[in-house]
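Please read the structure below before turning to the comments.
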Amino acid sequence: MEKFDVCVIGIGTIGSFASYYLSKLNIKTAMIDLYAPSHDQGSYHGDTRIFRIAYGEGEKYIPMLKRAFDLWGEFESETNTKMFERIGVINIGHKDSEFMINTLSSSKDYNLDCEIIDRKEIEKRYSFFVPEDFLGVYERNTGYVYSDNSVITASNEAVKFGAKTFYGSEIKEIKKTNDSYIIISKDYEFETKKIVLSAGTYSDEILNLLLKIMPLPCIPIYKKRKIFSWWESDVYTYDKLPAFTFEIDGDHYYGFPNAGDGFKIGKNLTGQYYNKREERVDFGEIEDDKDEIGEHARKFMPYIGKFIKGKSCSYPMSPDEDFIIDFLNNDILFFGGISHGFKFAPVLGEIAAKAITYKNFTLDENFTLKRFNQ
1 MEKFDVCVIG
11 IGTIGSFASY
21 YLSKLNIKTA
31 MIDLYAPSHD
41 QGSYHGDTRI
51 FRIAYGEGEK
61 YIPMLKRAFD
71 LWGEFESETN
81 TKMFERIGVI
91 NIGHKDSEFM
101 INTLSSSKDY
111 NLDCEIIDRK
121 EIEKRYSFFV
131 PEDFLGVYER
141 NTGYVYSDNS
151 VITASNEAVK
161 FGAKTFYGSE
171 IKEIKKTNDS
181 YIIISKDYEF
191 ETKKIVLSAG
201 TYSDEILNLL
211 LKIMPLPCIP
221 IYKKRKIFSW
231 WESDVYTYDK
241 LPAFTFEIDG
251 DHYYGFPNAG
261 DGFKIGKNLT
271 GQYYNKREER
281 VDFGEIEDDK
291 DEIGEHARKF
301 MPYIGKFIKG
311 KSCSYPMSPD
321 EDFIIDFLNN
331 DILFFGGISH
341 GFKFAPVLGE
351 IAAKAITYKN
361 FTLDENFTLK
371 RFNQ
């Protein structure tokens, strides 16, 4: 039976980069996923994801974001592949909202390269309609990363460094021996000393297999279907608009300028909870999918044109919407609730590699399971 040091289950946002950094350390790595990258059954598809460091979700993320910024640059250089469009990000919202207060404080506390813009200047620069008492924080040297291409490249690089892929076959059973685990599907069977579980909204399927052979801590994760769509626009274009977030009307929009394939918009706070993978239906199978974004967004982005296409994706969520990064025992490292995580992909992969490899590596307690038991 073939033996590995580490098995990475779920080769998406985290798993692709975890495999990359593990294999660079000469760790014999197995990569498992039901789907070969890139595909549209997870969280990272749709071409692009925003990268920002001035972070409205909380300052505890800033050290990881600063490290991720450096790693994105290194990854581009090492692979000679364009991954990061550094066109900047404009965050817009009410001056007293928690998101904007956090964005402003993180920009000041970490001396980030940001510019505060009033509503009139936002309207002048970007052709948005902005209510009274709103402001913008424009962060230079950020922008967006190419999500699908990044996962494909990281996965391929991992293979170049010696990792082995096992795609296309569902894990049916996991067995425990004295010092390892046996991973079994209808197509393969192998042994691994350690596991990185980074399967996103499919993690519960693997956790259920593990529960048959070992006790597990309470892991509060759930799934949410989200949508995003592309629209015609000759105003919101790459040469005129940075990537953006816009908090308004009780929701949080995000988007990307039209670089030739359309003006892309998504919403963070809406969506549908679901339990089984087949319940996450494609874009358009829910009646309000198109209007959920387009009709509402036109109130403050008036130059949105005709609908082009839409996609649905999966958000793995935790109760407090923060990441879960923790060991389930001495051998299994779990990543969950990474709903806003693609910008962090390389640093989360690096954390996985270091945590698995180095005994003295300490995980950030802000993201461990301990917080749910206090």
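Quick note, the sequence shown lines up with residues 1 to 374 if you use full-length UniProt numbering.
Ideal Cβ positions, reconstructed from N, Cα and C, are used throughout, including at glycine.
Taking a C-beta distance under 8 Å as the contact criterion, F344 and L65 qualify as a contact pair. Close CB contacts of T81 within its chain, under the 6 Å cut and outside five residues either way in sequence, are with T153 (chain order). Residue pairing for L333: DSSP places it in a beta bridge opposite V196 and F327.
For the 8 Å CB-CB criterion, V235 and S97 do not form a contact. Of the residues assessed, C218 falls on the exposed side of the cut-off, its CB having fewer than 16 other CB atoms within 10 angstroms.
Close CB contacts of F323 within its chain, under the 7 Å cut and outside five residues either way in sequence, are with G337, I338, G341 and F367 (chain order). Taking a contact as a CB-CB distance under 8 Å, the pair D251 and K267 counts as one, their CB atoms being some 5 Å apart.
Distance from K164 to M1 at the Cβ level is roughly 14 Å; contact not present, criterion being Cβ atoms closer than 8 Å.
In this chain, the beta strand (DSSP E) harbouring F228 covers Y222 to W231. Across the structure, G42 and N26 are spaced so that their CA atoms are roughly 28 Å apart. Look at the beta carbons and you see the stretch 143-150 touching the stretch 36-53: at least three pairs across the two are nearer than 8 Å. Contact check between the stretch 290-305 and the stretch 222-232: three or more CB pairs, one atom from each, fall below 8 Å, which counts as touching. According to the DSSP secondary-structure assignment, M31 is paired through a beta bridge with V8 and T165. DSSP places P346 within a helical segment (H, G or I) once states are collapsed to three. For M317, the enclosing beta strand (DSSP E) stretches over residues F307 to M317.
For Y20, no beta strand (DSSP E) encloses it; the enclosing alpha helix (DSSP H) starts and ends at T13 to K24. Within the same chain, Cβ atoms closer than 6 Å to the Cβ of S23 are found at T29, A158, F161, G162 and A163, the five residues on either side in sequence being excluded. Membership of L71 in the alpha helix (DSSP H) is indicated by the continuous run I62 to T79. Short of 6 Å from the beta carbon of K3, and not among the five residues preceding or following it, lie these beta carbons of its own chain, in chain order: E191. Straight-line measurement puts the Cα of V6 at about 22 Å from the Cα of S150. Distances from the CA of I356 to each of F372, K370 and I332 were compared; the closest alpha carbon is that of I332. In the three-state reduction of the DSSP assignment, G294 falls in the helix class, which pools H, G and I. Distance check between E85 and each of D239, Y303, D320 and I265 places D239 closest, using alpha-carbon atoms only.
Here the stretch 279-291 makes contact with the stretch 311-327; the two share three or more CB pairs at distances below 8 Å. The Cβ atoms of G88 and Y55 do not sit closer than 8 Å to each other.
Sequence-distant partners of P242 (beyond 5 residues in either direction) whose C-beta falls short of 6 Å from its own C-beta, in its chain, are I87, G88, V89 and I90. Restricting attention to I325, T237 and R140, the CA atom closest to the CA of G255 is found in T237. Inter-residue distance for I101 and K186 is about 52 Å (C-alpha atoms, whole angstroms).
Taken through DSSP and simplified to helix, strand or coil, F256 comes out as strand. Closest in C-alpha terms to L211, from the list E173, S180, K223 and Y188, comes E173. Per DSSP, the beta-bridge partners of Q272 are R225. Under DSSP, F134 takes part in a beta bridge, and its partners are H94.
D326 is not a Cβ neighbour of L269, given a cutoff of 8 Å. The same chain holds no residue with a CB closer than 8 Å to that of D70 once the five nearest residues on each side in sequence are set aside.
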